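Residue numbers (the working numbering): 14 to 220.
For glycine and all other residues, C-beta sits at the position ideal for the given N, C-alpha and C.
In this text the structure is predicted, and so the values were computed from the model without any measurement.
Here is the structure we will look at.
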């Protein structure tokens, strides 16, 4: 368990935030309690396209994943999911790690589960309060002294799954595409040679 701090909620009321840090995965869970909000927001560092370096983006899980699964759970309800203005949030969204960067509401994507079990966008008031909370949590997260260590831990935690994806799916698929391209090249090369053989040799035209 980490520190406790406060954020400012709409109307100036305080919100208490309890911090939980998982040094093994680099994730920081913020349990927020205050007027109109109760639940966890978990910051999960996102690697770059190669998976070996920080991307500058963070996935914000709406809730807590006790299994610390490598997936980001955009389409799954987690434990202690935030209840924001009486709307229980679902999944999560991504934000730029830089606390000075503008928050993109489309990427934040606060959603709820509808009556028929399908996700739908949260009401505007809920989305606005969610964004206001995440802006303040991001500022705290970005100012952490252990942030470089958290990034390294997150990359190491995700590495086994990314290695498995490369070895099981991506590399074999690339090899298959290479072999198919080589087979196509060989076939087209034979066609080209056969077609050229139909042409008269130089000096024999019109003879």
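Specify the secondary structure class of residue 197 as computed by DSSP and reduced to three states. Mapped onto the chain shown, residue 197 falls at position 184. Residue 197 sits in a helix when the DSSP states are folded into three classes.
With H, G and I counted as helix, E and B as strand and the rest as coil, what does DSSP make of residue 139? Along the chain shown, one-based indexing puts residue 139 at 126. Helix at residue 139.
Considering only C-alpha positions, which residue in the set 100, 180, 142, 213 is nearest to residue 133? In the chain shown, residue 133 corresponds to position 120, counting from 1. Ranking 100, 180, 142, 213 by Cα distance to residue 133 puts 100 first.
Beta-carbon proximity of residue 22 to residue 47, cut-off 8 Å: As a first step, residue 22 is located in the chain shown; it is residue number 9 there, counting from the start. As a first step, residue 47 is located in the chain shown; it is residue number 34 there, counting from the start. Contact flag set, yes.
What residues in its chain sit with their C-beta under 8 Å from that of residue 19, if we drop five residues either side in the sequence? The residue you call residue 19 lines up with position 6 of the chain shown. The answer, listed in chain order, is 27, 28, 29, 30.
Count the C-beta pairs between the segment 188-205 and the segment 69-85 that are closer than 8 Å, then say yes if the count reaches three, no if not. No, because fewer than three Cβ pairs between the segment 188-205 and the segment 69-85 fall closer than 8 Å, the two stretches do not touch.
For residue 29, write down the residues that DSSP places opposite it in a beta bridge. The residue you call residue 29 lines up with position 16 of the chain shown. Beta-bridge pairing links residue 29 to 19, 46.
For residue 91, I'd like the list of residues in its chain whose CB is within less than 7 Å of its CB, leaving aside the five on either flank, ordered along the chain. Numbered from 1 along the chain shown, position 78 holds the residue referred to as residue 91. Taken in chain order, the residues that qualify are 74, 75, 76, 77, 78.
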